[in-house]
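Sequence positions in the sequence shown follow the numbering used here and run 8 to 294. Everything below concerns the one structure shown next.
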Amino acid sequence: MKKRLAIIGFNDVGKFHCNELRRSDEFDLVGVYCQKNSESFGRIKIYSDLNELFESADPEAIIITDGIQYLELFSKCVKTCKHIFIHHPIAKNTGAIHEMKYYSNLSGVMSVAGFFDRFNPVIVSLKKSLEREEKIYSINITRGFCLSRNLNLEILQNIDLARFVAASDIAQFSKFEVHKEDKKNPTNTLCQLKMKNQTLVSIHNSINYPIDRFIIEVSANSGIYFGDLIGMKLNKYTDYGQQNLKVDSDISPIKKAHLEFFELCKNNKINNLASLDDALKVYEICV
């Protein structure tokens with residue numbers, strides 16, 4: 008049976024979710040909240056009054072499209088449904104995440120953080136391969152942009168990805184930044200992490216690339232994995248040469264995230280979703 012779902016926020020992210028959910032076999036999109044209700048979205052009703060959305064549509068689950076912008080609405084959402092998905096950016100700081108945890112625990116709600124890189128098809132395939140490895144020695148992540156981005160937000164997703172791939176918490180962390188005109192937002196960042204399982208991680212972000220790049224390299228006991236998260240390719244290199252590993256690119260990251268969220272709504276199983284505790288562990292070292 009489909010779960011009744013509402014979306015808080017009709018920004019680009021909200022429309023992104025709407026487009027996918029309109030053909031979902033798992034969720035019935037019953038409404039969208041937008042404070043300035045000036046648009047329509049087919050047969051999906053857009054509400055400018057949050058209380059009206061809750062009373063009329065009666066959603067069982069909610070997707071919040073921006074944890075920073077809609078933090079003040081979180082305490083109302085937990086009174087209405089039992090499952091909440093918070094799209095990145097999750098929060099402005101650790102205090103906001105603690106607030107979300109408090110309201111969630113108070114109301115018996117399961118709230119999860121939307122770190123979508125976990126559901127990139129290359130990462131899904133990589134994780135399956137790494138389950139057969141005895142040891143992961145190092146992880147290198149490179150994220151390059153040809154247009155301006157807030158690298159401080161991108162770092163959070165990359166650190167979560169490193170924790171997810173390494174299957175370990177962070178023991179040590181250091182960060183280096185390069186700034187040009189903007190003193191608040193860096194143009195290049197380098198993060199170095201030592202995980203509790205002794206895996207070493209290096210994360211490089213830059214807005215000075217001529218093309219967009221998203222690369223991950225993992226050194227394990229049986230070989231080196233090289234993944235292109237934009238080109239949807241995953242290779243393994245050993246003494247015997249190169250092996251092309253299967254990547255199921257038919258399921259998009261957002262579709263995979265929705266499937267995982269549906270499993271949470273149905274069976275209360277987080278599986279590969281990030282909990283608010285996972286988000287806290289990232290924010291505590293970097294925000």
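For glycine and all other residues, C-beta sits at the position ideal for the given N, C-alpha and C.
query, result
"Buried or exposed: where does ALA174 fall if 16 or more other Cβ atoms within 10 Å of its Cβ makes it buried?", "exposed"
"Checking the sheet assignment: what are the DSSP bridge partners for PHE180?", "LEU200"
"Ordered along the chain, which non-local residues of its own chain (more than five positions away) have a Cβ less than 6 Å from that of LEU236?", "ASN127, VAL129, PHE221"
"What residues in its chain sit with their C-beta under 7 Å from that of GLY121, if we drop five residues either side in the sequence?", "PHE92, ILE93, HIS94, HIS95, ALA264"
"Return helix, strand or coil for ALA98, following the three-state DSSP convention.", "coil"
"Hey, out of ALA281, SER282, GLU267, whose CA is closest to LYS10's CA?", "GLU267"
"Only counting the same chain, and skipping five residues up and downstream in sequence, which positions put a Cβ closer than 7 Å to that of PRO260?", "PHE123, PHE126, ASN127"
"Contact between the segment 128-146 and the segment 283-294: three or more CB pairs below 8 Å?", "no"
"Where ILE277 and LEU287 are concerned, what is the direct C-alpha to C-alpha distance, given to the nearest angstrom?", "16 Å"
"Near LEU35, which residues of its chain fall below 8 Å by C-beta distance, leaving aside the five closest residues on each side in sequence?", "Residue 35 is actually Asp in this sequence, not Leu. LYS9, LYS10, ARG11, LEU12."
"In this structure, does DSSP put ARG50 in helix, strand or coil?", "coil"
"Suppose contacts are defined by Cβ-Cβ distances below 7 Å. Is GLN250 in contact with LYS243 by that definition?", "yes"
"With a threshold of 7 Å between beta-carbons, can PHE23 be considered close to chain C, or not?", "Of the chains in the structure shown, none is chain C; there is only one protein chain."
"May I have the straight-line CA-CA distance separating ASN58 from THR194, to the nearest angstrom?", "42 Å"
"Rounded to the nearest angstrom, what separates ASP176 and TYR232 at their Cα positions?", "21 Å"
"Using only the alpha-carbon positions, how far apart do TYR110 and PRO217 sit?", "44 Å"
"Just to confirm my understanding: we take SER256, look at its own chain, exclude 5 residues before and 5 after, and list those with CB closer than 6 Å. What are they?", "PRO128, MET239"
"Looking at the secondary structure, which residues open and close the alpha helix (DSSP H) in which GLU224 lies?", "Looking at the DSSP string, GLU224 is not in any alpha helix (DSSP H); the run it does join, the beta strand (DSSP E), is 220-227."
"Taking the Cβ atom as the reference point for each residue, do ILE70 and ILE104 lie within a distance shorter than 7 Å?", "no"
"Would DSSP call PHE23 helix, strand or coil?", "helix"
"Have a look at LEU163 and GLY151 and give me their C-alpha separation to the nearest angstrom.", "15 Å"
"Looking only at its own chain, which residues have a Cβ that is under 8 Å from the Cβ of ARG29, when we skip the five neighbours before and after it?", "LEU36, GLY49, ILE51"
"Give me the residue from ILE143, PHE269, GLN42, LEU78 with the minimum Cα distance to ASN204.", "ILE143"
"Rounded to the nearest angstrom, what separates SER114 and SER226 at their Cα positions?", "43 Å"
"If we count the other Cβ atoms within 10 Å of its Cβ and call it buried at 16 or more, is HIS90 buried or exposed?", "buried"
"With DSSP run on the structure shown, which of helix, strand or coil describes GLN205?", "coil"
"Output the boundary residues of the alpha helix (DSSP H) element that contains VAL289.", "283-293"
"By how many angstroms is the C-alpha of TYR247 removed from the C-alpha of ASN228?", "14 Å"
"Grab the span of the beta strand (DSSP E) containing ASN274 for me, first residue to last.", "No beta strand (DSSP E) contains ASN274, which is instead part of the alpha helix (DSSP H) from 260-274."
"Looking at the structure shown, is ASP35 part of a helix, part of a strand, or coil, going by DSSP?", "strand"
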